[in-house]
Amino acid sequence: GAGVSQSPRYKVAKRGQDVALRCDPISGHVSLFWYQQALGQGPEFLTYFQNEAQLDKSGLPSDRFFAERPEGSVSTLKIQRTQQEDSAVYLCASSLPGAPEAFFGQGTRLTVV
Amino acid sequence: AQKITQTQPGMFVQEKEAVTLDCTYDTSDQSYGLFWYKQPSSGEMIFLIYQGSYDEQNATEGRYSLNFQKARKSANLVISASQLGDSAMYFCAMREALYRTSLRAQKLVFGQGTRLTINP
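Chains as they are written, first to last, in my numbering: chain A, 1 to 113; chain B, 114 to 233.
Take a look at the structure:
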């Protein structure tokens, strides 16, 4: 597609439920990033992939958060046993190797009730 | 550690006026990149403009220009002739170690954002 695509756009989960968020990056973009954006805040880095390799997961807040990109294209961010503090917008971005700028999707707004 | 500070939570500007959004940064690195993104109510982060720390000229992209003052560690965004469609959140961001292959070089660090409202 022309841009980064994320699904679902909105997700409501009951506390304790597992969720999976999908990101389809721009074709040919080997770098893929996940960010978490709390209400009224700037995005914060979660994790980074280069192709299928997860090279940096230093931003994942707990072991309940897990990301994968098995074939080097589509990525899934999974949150197990969701808690209220996980409520946020989850943004995915992709970029070309060597290019400084990253392009973002519209995000998935997760609400944990 | 790298840090981005945006001191203006909100700005109100009349249509067709120019507006400057402030951004200061802190880094110990010599090579880094500075970015501005626009986030409308739809939620998508839209890339606007980029400045590399070694670039001698200030970056410009259409109505957007980046006023880069390296000694002051500031990277203000200037929007000329503002339009109603410019109303959105604006985020300043930085990447360190831009020209080196480094894991930490890949992530963006964002400021808190400035909400810009253009009045007709």
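Backbone N, C-alpha and C define an ideal beta-carbon position, used for all residues, glycine too.
* Asked: Looking only at its own chain, which residues have a Cβ that is under 6 Å from the Cβ of Thr230 of chain B, when we skip the five neighbours before and after it?
  -> Phe125, Ser200
* Secondary structure of Glu68 of chain A, DSSP reduced to three states -> strand
* Asked: Is the number of C-beta pairs between the region 96-112 of chain A and the region 182-190 of chain B that are closer than 8 Å three or more?
  -> no
* To do: Mark Glu128 of chain B as exposed unless 16 or more other C-beta atoms lie within 10 angstroms of its C-beta, in which case mark it buried.
  => exposed
* Identity of the residues DSSP links to Glu44 of chain A by a beta bridge -> Answer is A:Gln36.
* May I ask you to report which of helix, strand or coil DSSP gives Gly198 of chain B? => Here Gly198 of chain B sits in helix by DSSP.
* Taking only the alpha-carbon atoms, compute the straight-line gap between Ala67 of chain A and Pro233 of chain B and give it to the nearest angstrom. => 44 Å
* Per-residue contacts from Ser41 of chain A into chain B (C-beta, under 8 Å) -> Note on identity: in this sequence residue 41 of chain A is Gln, with Ser being the wrong assignment. The contacting residues are Gln225, Gly226.
* Asked: Going by C-alpha distance, which of A:Gln54, A:Ala13, A:His29, A:Ala20 is nearest Leu96 of chain A?
  -> A:His29
* Using a C-beta to C-beta distance shorter than 9 Å, which residues of chain B count as neighbours of Pro100 of chain A? -> Gly146, Phe148, Tyr163, Gly165, Arg208, Leu211
* **Cβ-Cβ separation, Ile117 of chain B to Tyr138 of chain B (assumed contact under 8 Å), whole Å** => 5 Å
* Asked: Quick one: what's Leu229 of chain B bridged to in DSSP?
  -> B:Met124, B:Ala201
* **Enclosing beta strand (DSSP E) for Val191 of chain B [first to last residue]** => 187-192
* Asked: Any beta-carbon of chain B closer than 7 Å to the one on Gly107 of chain A?
  -> Contact with chain B is found for Gly107 of chain A, since one of that chain's Cβ atoms lies less than 7 Å from the residue's Cβ.
* Which one of B:Pro153, B:Gly156, B:Ser155, B:Gln143 has the shortest CA to CA distance from Gly165 of chain B? -> B:Gln143
* To do: Work out the CA separation of Gly226 of chain B and Ser58 of chain A for me, nearest whole Å.
  => 23 Å
* Are the C-beta of Gln143 of chain B and some C-beta of chain A separated by less than 7 Å? -> no
* Work out the CA separation of Cys92 of chain A and Ala20 of chain A for me, nearest whole Å. => 13 Å
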